[in-house]
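Colleague: Once you've had a glance at the structure underneath, I'll fire off some questions.
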Amino acid sequence: MLLKGRDSMKARIDMDAPQTEALSLYSGHFYRVLDKQRITDKIQNDSLRVFILSAGYGIVEAQEFIQDYDAKMEGSIARTWKNEGLTKIIAETLLKYQPDKVFGFFAGEKNWAGSISKYRYFYSEGVKQALSQGLKATEAGCFYRAEGQSAGPILSALGLCFMEAVSSDFSDAVINSVNEGGFRPDRYPSVLLKYDRFV
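Below is the structure:
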């Protein structure tokens with residue numbers, strides 16, 4: 132299914148662009164605040180596995196080599212991925228690897244109808260499907276925007292929250308802190324993030 136979905140996005144991929152590790156290729160507000168070396172080190176010592184939801188590729192591992200593309204997970208592209216079964220692809224990936232903890236970091240709404248951008252929808256539905264089909268995670272949920280209007284600060288705040296979670300090895304203390312009181316970074320005081328716990 133993933134390969135079929137990627138095939139449907141071929142026209143959006145810059146086939147002349149160099150193959151680049153996904154974590155290095157992405158450069159939006161979320162990615163600019165990341166300590167990519169720390170993330171890479173944790174991936175390489177098997178203490179972290181990072182998947183990226185991608186409008187061009189569906190789902191990619193952080194160290195997977197991909198090419199630049201022109202697509203956002205909205206409108207007809209989001210509908211294409213819905214038809215190609217991206218929710219099921221996410222669920223099958225989780226069932227294959229059986230992670231103990233699963234976390235997402237997204238700005239949009241969890242429902243299809245509530246948001247232009249569909250990243251959070253696909254993540255939430257994919258994880259919930261996996262949980263209903265045998266994923267044995269002890270913790271799963273989504274860090275999301277509760278307050279804030281501007282995309283740049285929201286995505287940057289999500290990136291900072293991700294790094295705080297990574298630095299703590301996704302400790303219960305950090306997760307519970309965001310779940311109970313939210314996460315409002317000093318750099319972006321207009322943004323409040325919260326945590327939607329699935330299990």
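Numbering (our numbering), first residue to last: 132 to 330. Note that beta-carbon positions come from the ideal geometry of N, C-alpha and C, so glycine has one too. Keep in mind the model is a prediction, meaning the values are calculated, not measured.
#1: In three-state terms, what does DSSP make of Tyr254?
#2: Can you tell me whether Ala304 is buried or exposed? The criterion is at least 16 other CB atoms within 10 Å of its CB, across all chains shown.
#3: Please identify the residue among Arg210, Tyr275, Ser302 and Leu291 whose C-alpha is closest to the C-alpha of Lys325.
#4: Cα-Cα, which of Val181, Ile221 and Ser139 is closest to Ala261?
#5: Does DSSP put Glu215 in a helix, a strand or coil?
#6: Helix or strand or just coil, what does DSSP make of Val305?
#7: Tell whether a beta-carbon distance below 9 Å holds between Ser287 and Val181.
#8: Using the Cα positions of Ser158 and Gly290, report the straight-line distance between them to the nearest angstrom.
#9: Measuring only from the beta carbon, is Phe329 closer than 8 Å to any heavy atom that is part of the ligand FAD?
#10: Identify every residue that forms a DSSP beta bridge with Leu184.
#11: Starting from the Cα of Ala244, find the closest Cα among Leu323, Ala238 and Tyr252 and give me that residue.
#12: Report the residue from Leu154, His160 and Ile183 whose alpha carbon sits nearest the alpha carbon of Arg169.
#13: Counting along the chain, where does the beta strand (DSSP E) carrying Ala271 start and finish?
Modeller: Put simply:
#1: As a working note, residue 254 is residue 123 in the sequence shown. The answer is helix: DSSP assigns Tyr254 an H, G or I state.
#2: Along the sequence shown, one-based indexing puts residue 304 at 173. When all chains shown are included, Ala304 counts as exposed.
#3: As a working mapping, residue 325 is identified with position 194 in the sequence shown. The shortest Cα separation from Lys325 among Arg210, Tyr275, Ser302 and Leu291 belongs to Tyr275.
#4: For this step, residue 261 is matched to residue 130 along the sequence shown. Closest by alpha carbon: Ile221.
#5: To locate residue 215, count along the sequence shown from 1; it is residue 84. It is coil, neither helix nor strand.
#6: To locate residue 305, count along the sequence shown from 1; it is residue 174. Here Val305 sits in helix by DSSP.
#7: What you label residue 287 is simply residue 156 of the sequence shown in a count that begins at 1. What you label residue 181 is simply residue 50 of the sequence shown in a count that begins at 1. No; because the gap between Cβ atoms is not below 9 Å, this pair is not in contact.
#8: Walking along the sequence shown from the start, residue 158 turns up at place 27. Walking along the sequence shown from the start, residue 290 turns up at place 159. When rounded, the distance between both Cα atoms is 12 Å.
#9: In the structure shown, the ligand FAD is absent, as is every other ligand, since no ligand is present at all.
#10: Here residue 184 corresponds to residue number 53 of the sequence shown, with the count starting at 1. Per DSSP, Ile190.
#11: One-based indexing of the sequence shown puts residue 244 at position 113. Nearest of Leu323, Ala238 and Tyr252 to Ala244, Cα basis: Tyr252.
#12: Working through the sequence shown from its first residue, we reach residue 169 at position 38. Measuring from the Cα of Arg169, the nearest candidate turns out to be Leu154.
#13: Here residue 271 is taken as the residue at index 140 of the sequence shown, counted from 1. Per DSSP, Ala271 belongs to the beta strand (DSSP E) from Glu270 to Glu278.
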